[in-house]
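Chemist: Protein chains in written order, with my numbering: chain A, 215 to 324; chain B, 1128 to 1411.
Beta carbons are placed, not taken as given, at the ideal position from N, Cα and C, and that holds for glycine.
What follows is a structure written as structure tokens; I'll ask about it next.
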């Protein structure tokens, strides 16, 4: 039985423990027995949740290790976009200056 | 004639140097899909947390009705939910980081810098012509050369970035694929558990009860029954989650190897839409 099959088995058990038929049977039990059942169900639910959370934790830790590289990529891309915008702004500024010079030259010539 | 030659030469040089660089449109489509994918993963993570907390709440309700309740049971279940939400927050942080990365990739790939450069150079040439008529055809081709050069620069930046980060993105997408499989299992179980308890507590219980007061609002009961039974549809649709993850990874590999990925990306966008819709239906 692999990890996934084991988790699926625990899940199935939990579903059975909270099923309508099981609850009908629980209702017929003594108070002490009911307390035992409550503890058992809590233990199973807690165990299932722990297994699921642990799997997510492993993946979260793996992704965490990649975060610095991704952050570096974000910084590099931001820089590339800024450089591109600055270049275009410079060309546009040159266009404006030449436009102004051309207007003055036209006025002087007239 | 001269201008045509210059433009043709500029285009040829651009093609020569960018032979193995995918067109900006492909980068842009992939980056857009990547942003959407990251949002969908983030929303599915939130939905997973909601489904988990709700299912715990329903087990507490069921437990109280059948065996009673004590502080120890409540604390144990509460603690598990808190631990789960902590991990989900961590995973959401990474999904947002990935979304930010793809968002910037999209901004760069869909930049209007080449067109703005062309327009500005055209303005420069036109104004210079007013000052002096001593301009040959070379000046007239400058704007096109400028546009091609900036476009080439952007494509090179995009390619360099993906070359530098391809292992990170590849690993990240592979882990996300595994994550979506886990989430599918977690959400399916949480929804099934909630659905079974809700059906007993809100639907069959009140209907079959001997006390008429239990079913005092039939219209509300019909609405609750519909909501509970519709949970099965959301569970069935969860398989779209893992399909989207696989397609995202394949689209990335296609982009890296220079394959035409537009078809893949379009199909992926449909799956992302489906994923967002499932996440919304689970949360509500």
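Which complete beta strand (DSSP E) runs does the region 1284-1337 of chain B hold, if anything under 3 residues is left out?
Modeler: You should have found no qualifying run.
Chemist: At the level of alpha carbons, what is the spacing between residue 1362 of chain B and residue 1328 of chain B?
Modeler: Near 20 angstroms, if we compare the C-alpha coordinates of residue 1328 of chain B and residue 1362 of chain B.
Chemist: Output, in chain order, the set of chain A residues within a Cβ distance shorter than 8 angstroms of residue 1181 of chain B.
Modeler: What residue 1181 of chain B touches in chain A: nothing, since even the nearest Cβ is about 13 angstroms away.
Chemist: Using 9 angstroms as the limit for Cβ to Cβ distance, is residue 215 of chain A near chain B?
Modeler: Not closer than 9 angstroms to any Cβ of chain B, the Cβ of residue 215 of chain A fails to qualify, so no.
Chemist: For the region 231-243 of chain A, enumerate the residues whose C-beta is nearer than 7 angstroms to any C-beta of chain B, in chain order.
Modeler: Within the region 231-243 of chain A, the qualifying residues are 232, 233, 234, 237, 240 and 241.
Chemist: Going by beta-carbon coordinates alone, are residue 252 of chain A and residue 1208 of chain B separated by less than 9 angstroms?
Modeler: No. Outside cutoff.
Chemist: If you measure from the beta carbon of residue 223 of chain A to each beta carbon in chain B, is any gap under 9 angstroms?
Modeler: No, no contact with chain B.
Chemist: Alpha carbon to alpha carbon, what distance is there between residue 1306 of chain B and residue 1185 of chain B?
Modeler: So the alpha carbons of these two residues sit roughly 25 angstroms apart.
Chemist: Quick check: the region 1148-1159 of chain B against the region 1236-1253 of chain B, are there 3 or more CB pairs under 8 angstroms?
Modeler: Contact holds: three or more Cβ-Cβ distances are below 8 angstroms.
Chemist: Of all the CB atoms in chain B, is at least one closer than 9 angstroms to the CB of residue 219 of chain A?
Modeler: Chain B contact via Cβ: absent.
Chemist: Identify, in the order they occur along the chain, each residue of the same chain with its Cβ nearer than 7 angstroms to the Cβ of residue 1365 of chain B, setting aside the five sequence neighbours on each side.
Modeler: So the qualifying residues of the chain are 1311, 1314, 1315 and 1405.
Chemist: Compile a chain-ordered list of the residues in the region 1344-1376 of chain B whose CB is closer than 9 angstroms to at least one CB of chain D.
Modeler: Reference to chain D is not applicable here, since the protein chains of this structure are A and B.
Chemist: Counting only beta-carbon separations shorter than 9 angstroms, does residue 227 of chain A have a partner in chain B?
Modeler: Residue 227 of chain A does not count as touching chain B.
Chemist: Taking Cβ-Cβ distances shorter than 8 angstroms, what residues in chain B pair up with residue 322 of chain A?
Modeler: Residues of chain B passing the Cβ test: none, with the nearest at roughly 10 angstroms.
Chemist: Using a threshold of 9 angstroms, state whether the C-beta atoms of residue 1154 of chain B and residue 1282 of chain B are closer than that.
Modeler: Yes, these two residues count as a Cβ contact at 9 angstroms.
Chemist: Short of 8 angstroms Cβ to Cβ, which residues in the region 255-276 of chain A face chain B?
Modeler: So the list reads 255, 256, 259, 260, 262, 263, 264, 266, 267, 269, 270, 271, 273, 274 and 276, given in the order they occur along the chain.
Chemist: Where does residue 216 of chain A fall in DSSP's three states?
Modeler: Correct three-state label for residue 216 of chain A: coil.
Chemist: So residue 1169 of chain B and residue 1222 of chain B are supposed to be a Cβ contact under 8 angstroms. How far apart are they, rounded?
Modeler: Yes, residue 1169 of chain B and residue 1222 of chain B are in contact; Cβ-Cβ is about 4 angstroms, under 8 angstroms.
Chemist: If the cut-off is 9 angstroms on Cβ atoms, which residues from the region 1194-1210 of chain B count as contacting chain A, listed in chain order?
Modeler: The residues in question are 1194, 1195, 1196, 1197, 1199, 1200, 1203, 1204, 1206, 1207, 1208 and 1210.
Chemist: Does the beta-carbon of residue 1243 of chain B have 16 or more other beta-carbons within 10 angstroms, so that it is buried, or is it exposed?
Modeler: Per the 10 Å Cβ criterion, buried.
Chemist: Is residue 1409 of chain B close to chain A? Criterion is C-beta to C-beta, closer than 9 angstroms.
Modeler: Closer than 9 angstroms: no.
Chemist: So which residues on chain B does residue 278 of chain A lean against when the C-beta distance must stay under 8 angstroms?
Modeler: Within chain B, the residues near residue 278 of chain A are 1217 and 1221.
Chemist: Quick check on residue 1151 of chain B - is its C-beta less than 9 angstroms from some C-beta in chain A?
Modeler: No, because no Cβ of chain A sits closer than 9 angstroms to the Cβ of residue 1151 of chain B.
Chemist: Is the Cβ of residue 1400 of chain B closer than 9 angstroms to any Cβ of chain A?
Modeler: For residue 1400 of chain B, the answer is no, since every Cβ of chain A falls outside 9 angstroms of its Cβ.
Chemist: Name the residue from B:1210, B:1191 and B:1250 whose alpha carbon lies nearest to the alpha carbon of residue 1269 of chain B.
Modeler: Of B:1210, B:1191 and B:1250, the residue nearest in Cα terms is B:1250.
Chemist: Inspect the beta-carbon positions of residue 1297 of chain B and residue 1391 of chain B and report whether they are closer than 9 angstroms.
Modeler: The answer is no: Cβ separation not under 9 angstroms.
Chemist: Return the chain-ordered list of same chain residues with a C-beta closer than 7 angstroms to the C-beta of residue 277 of chain A, the five sequence neighbours on each side being excluded.
Modeler: Answer for residue 277 of chain A: no residue qualifies.
Chemist: Output needed for residue 255 of chain A: all residues of its chain with C-beta closer than 8 angstroms, excluding positions within five of it in sequence on either side, in chain order.
Modeler: Correct list, in chain order: 228, 231 and 232.
Chemist: Using the three-state DSSP reduction, which class does residue 1344 of chain B fall into: helix, strand or coil?
Modeler: If DSSP states are grouped into helix, strand and coil, residue 1344 of chain B belongs with coil.
Chemist: On the three-state DSSP scale, how would you describe residue 324 of chain A?
Modeler: Coil.
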